[in-house]
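In the working numbering, the protein residues as written are 1 to 252. Cβ atoms here follow ideal geometry from the backbone N, Cα and C, with glycine treated the same way.
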């Protein structure tokens with residue numbers, strides 16, 4: 001009921017009016033289309049650590065709908081190179097003349113690198129296990145406490161592991177130490193509840209003991225206790241609290 005309205009949704013709009021003489025009429029119809037705002041995405045991000053003297057390229061993926069990409073630095077184009085600390089973002093304008101802003105990417109300049117060791121699993125190993133330690137990056141140089149010079153190393157022994165890295169700007173750093181422990185598997189002892197020599201039709205209960213996470217008998221049973229009704233050797237393989245497996249001596 002006002003001379004003007006504000007619209008924010010797509011649709012068809014018209015106005016009906018009544019003049020001072022009581023005559024009414026309708027306007028022509030106008031179609032309004034509200035386009036979607038673009039959402040440019042910057043890579044890499046959202047936090048980038050550089051050494052002093054290093055630079056990185058921030059990029060917005062090509063999109064045929066983008067007519068213009070303008071950065072918080074004032075530069076235009078799909079990518080920029082930055083070497084200063086700060087927060088960076090990009091605003092894209094699409095073919096519908098709608099604009100949208102990316103999330104913010106923060107660039108941090110460090111005097112020293114801080115590589116972080118990422119293990120592929122738990123640091124407590126069972127005999128025969130392997131764990132991978134990843135120093136991340138990319139860095140230009142890696143020097144592990146084992147003497148290896150790759151980004152990742154495979155560890156099969158207990159010990160303390162760390163890595164020194166160097167970046168392209170000449171900045172270096174040393175990781176924290178990862179302590180790998182080798183667990184000794186528990187060896188279960190089968191305890192019979194009576195004599196293991198018995199008459200046909202009799203049986204004896206065999207107990208693998210407590211404090212284990214899982215049981216697998218040579219019979220296929222998966223319980224702590226089984227009833228032995230036939231002659232033959234019986235063994236049990238257990239999984240202990242550390243996830244290691246151990247197998248008993250046979251009981252005949």
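Proximity to residue i [Cα-Cα], best of the options
i           : options           : result
residue 161 : 12, 175, 197      : 175
residue 154 : 123, 164, 225     : 123
residue 62  : 73, 46, 42        : 42
residue 165 : 151, 142, 33      : 142
residue 17  : 9, 8, 46, 27      : 27
residue 220 : 115, 236, 83, 213 : 236
residue 104 : 55, 47, 151       : 47
residue 149 : 209, 85, 120, 133 : 133
residue 217 : 210, 211, 225     : 225
residue 112 : 172, 198, 240     : 172
residue 178 : 86, 144, 49       : 144
residue 147 : 156, 197, 163     : 163
residue 128 : 156, 23, 21, 230  : 156
Beta-carbon proximity of residue i to residue j, cut-off 9 Å
i           : j           : result
residue 110 : residue 185 : no
residue 66  : residue 44  : no
residue 193 : residue 207 : yes
residue 190 : residue 251 : yes
residue 78  : residue 107 : no
residue 94  : residue 35  : yes
residue 10  : residue 54  : no
residue 170 : residue 51  : yes
residue 240 : residue 232 : no
residue 139 : residue 119 : no
residue 29  : residue 6   : no
Bounding residues of the beta strand (DSSP E) (the contiguous stretch that carries residue i)
i           : result
residue 133 : 131-134
residue 317 : No statement about residue 317 is possible, as the shown extent of the chain runs from 1 to 252 and does not include it.
residue 245 : 245-247
residue 58  : 56-60
residue 214 : 214-217
residue 161 : 159-161
residue 98  : Where residue 98 is concerned, there is no enclosing beta strand (DSSP E), given that its DSSP letter is neither H nor E.
residue 13  : 11-13
residue 88  : 86-88
residue 173 : 172-174
residue 110 : 105-110
Spatial neighbours of residue i in its chain, beta-carbon cut-off 7 Å, leaving aside the 5 residues before and after
i           : result
residue 71  : 80, 88, 90
residue 228 : 203, 204, 206, 234
Helix, strand or coil at residue i according to DSSP, with G and I counted as helix
i           : result
residue 206 : strand
residue 151 : coil
residue 189 : coil
residue 75  : coil
residue 23  : coil
residue 139 : coil
residue 199 : coil
residue 235 : coil
residue 51  : strand
Interface flag, residue i vs chain C, CB-CB below 9 Å
i           : result
residue 111 : Looking at the structure shown, chain C is missing, and only one protein chain is on hand.
Own chain, CB closer than 6 Å to residue i, minus 5 neighbours either side, in chain order
i           : result
residue 99  : 91, 93
residue 244 : 126, 183, 185
residue 31  : 12
Cutoff 8 Å; reference residue i; Cβ partners in own chain excluding five residues on either side
i           : result
residue 158 : 125, 180, 181, 182
residue 14  : 26, 27, 28, 29, 30
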